[in-house]
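Step one of this worksheet: look at the structure below.
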Amino acid sequence: MHGFTRRVGLLLVLCLCSVTAWAGGFNKTYERIASFDGTELGAMVLVPTGQGSGPFPLVVMPASWSLPNLEYVGRATQMASQGYVVVSYTSRGFWDSTGQIDVAGPATVEDVSSVIDWALAHTVADPARIGVSGISYGAGTSLLAAARDPRIKAVAALSGWADLEASLYANQTVSQQAVLMLAATGSLTGRPGSDLQTITAKVALGDFDGAVNGFLPQAASRGAVHEVAQINRNGTAVLLANAFNDGLFPPSQYVAFYNQLTGPRRLIFSQGDHATAELPGALGLPNAVYDEAVAWFDHFLKGQANGVDGRGSVRLTSIGGRNLDYGSWAQVQADPVVYGLGRPTGLLRPTGTLSSGDATGWSASILSGIPTLADSGVVMLSGLLQAFGQPMKTSIPLVSRVGGAVWSGPVLERNRVLAGAPSLRVTVTPSQSQVTLVAYLYSMDALGTGTLLSYKPYSLRDAVPGQARTLEIGLEAAAAEIPAGSRLVLAIDTLDPRYTDATDVGGSVAFGSPTVAPSRLSVPLR
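In this text, residue positions in the sequence shown follow UniProt numbering: the first is 1, and each later residue adds one.
Structure (structure tokens):
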């Protein structure tokens, strides 16, 4: 306990030292900014001094869900000392801002424009050089604001979402740990509006499916992927950053959004969980993600020739800390290794093969609702441990073959790097109309220990019992070094504590590989 206290104390000292090192050259005030409807937003306003008469580029920073405007104080201090007007404000409904939480509703998005209006009227901000940046809730809000306010020239959206449905209801599967965390923290730190009140009430009763399904009609208007055409017309320069194991807003939904952008764009995936990759940078500590974000603004708001427009458009950082740069997501996914899924065989631990050719005409079944050792981990914890070199591990031989199906690949003869999003095509025949499947990709060492590389849930809500369906499942993006002597292992079961499941105990799921659609695993290996 004393060691933990010392570490916390050291972190606070480092933060204070970082802020102190950048002090000078700006004024900092606390303001109550009246938004378009009279809602008062608590804001920290930093304006350069002794750096010329301006006008200076403006960066607006909406705070994250449940966090106050002090969230960005360290980075805002540094940016103000470098010639930016910075306004960091608490999002509507939280802490010192009035109003109610509307879950990125129209009012919350309009608040960004109101803060810009205020800054242009009360500071030496340049109306032609405006950027918006945030983490999590602030990131999603920033992207929506960029679609609706053409004055915004550049955005840095960190650990955010572009598609709420794809984030919290991927493949019709509720991320119950994420929804529980958002509902609980919102109620504790803010004043929920009607949407959040309804969600929280259903979560309290354990009805996670009802909580999310009731909000889905509003979800489309709360995600920038549905307004990407307007962002493209505005020509906004968009930087997206996320963690591979983000438990709230997984990377795949950012990839889909990034691929639709036509203006200046950059995509950065780091190791960690939700907001863990960049939150130290918000406090002012050295941070690779925030270095990229500031460089983005330096180029697109200040016109600095710092090379950000010439770098690879995509950067993936592996578990070992290796940076992998690509010109596009298509380059990331190019030339994958494709494995055919073979029939599981063996008496005690039936295991299928992952081989270079297709294997068809076979069938193998598991029972539904039976726990296995395959597991995606715990939101906010597992991904954080992964960032420190401790990814999720399990014993592949001990994964139940009663409740799970397992396929193992050949021994890798040399070191390989997984960089990108694996994908799976598999044909299933459920005995029930509803079933949840969760696919996991591991690298397994000679002792049978599997290191989790990627995963994805998929729920069938309208299946015809006994009727085969071919599923296309895109697993989450990953970047990891896989040492020689390892094997890739695919596991599929019907339960995972991260997600709600539509599975009832007592059913079964048969896996097969028909000739017309052979079951295959595609892995971007380098």
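C-beta: ideal position from N, C-alpha, C; glycine also. What you are looking at is a predicted structure, and each value in this text was computed from that prediction instead of being measured.
Between D117 and the set P150, Y290, I231, the nearest pair of CA atoms involves P150. Around the beta-carbon of T394, 16 or more other beta-carbon atoms lie within 10 Å, marking it buried. Annotated three-state conformation of T262 is coil, per DSSP.
DSSP assignment within the segment 206–294 yields the following whole beta strand (DSSP E) runs of 3 residues or more, N-terminal first: 237–243, 265–270. Judged by DSSP secondary structure, K202 falls within the alpha helix (DSSP H) whose first and last residues are 194–204. Taking the CA atoms as reference points, I370 sits about 12 Å from A405. When R401, V73, I396, S400 are compared, the shortest CA-CA separation from M444 is found for I396. The Cβ atoms of G134 and T141 sit closer than 8 Å to each other.
Collapsing the DSSP output to three states places L67 in coil. In this model, Q82 and V73 are separated by some 14 Å (Cα to Cα).
With respect to S519, G466 sits apart: the two C-beta atoms are not nearer than 8 Å.
Within the same chain, M44, S88 come within 8 Å of L70 by CB-CB distance, once the 5 residues on both sides are set aside.
In this structure, A295 is the residue among V509, F215, A295 with its C-alpha nearest to the C-alpha of Q304.
Counting every other CB atom within 10 Å of its CB across the protein chains shown gives N323 a total below 16, marking it as exposed. In the structure shown, the three-state DSSP call for V115 is helix. Counting only residues of its own chain and dropping the five nearest sequence neighbours on each side, V238 has a CB closer than 6 Å to the CB of V155, L261, R265. Take the alpha-carbon of S408 and the one of M181: they are about 35 Å apart.
Within the model, the alpha-carbon separation for G223 versus A147 is close to 10 Å. For Y84, there is no enclosing alpha helix (DSSP H), as DSSP marks it with neither H nor E. Annotated as proximal: I473 and A439, with beta-carbon spacing under 8 Å. Spatial neighbours of L248 in its own chain (CB-CB distance under 6 Å, excluding positions within 5 residues in sequence) are listed in chain order as A178, H274. Pairing G263 with N245 gives a Cβ-Cβ distance that is not under 8 Å.
Assignment of Y458 by DSSP, reduced to helix, strand and coil, places it in the strand class. Sequence-distant Cβ neighbours of A139 in its own chain, meaning closer than 7 Å and more than five residues away, are A157, L158, S159, G160. Separation of F208 and T198 (C-alpha to C-alpha, rounded to the nearest whole angstrom) is 11 Å.
A277 and Q386 have their C-alpha atoms some 11 Å from each other. Here T108 carries a helix assignment [DSSP, helix/strand/coil]. For V332, the enclosing alpha helix (DSSP H) covers residues 329–333.
Using a C-beta cut-off of 8 Å, the segment 449–458 makes no contact with the segment 328–347, since fewer than three inter-stretch Cβ pairs fall below that distance. The beta carbons of L41 and D111 sit about 6 Å from each other, so the pair counts as a contact at 8 Å.
Going by C-alpha positions, K153 is about 13 Å away from L144. Excluding residues up to 5 positions away in sequence, S368, G369, V435, T436, T494 lie with their Cβ nearer than 6 Å to the Cβ of T503 in the same chain. Separation of R469 and L384 (C-alpha to C-alpha, rounded to the nearest whole angstrom) is 36 Å.
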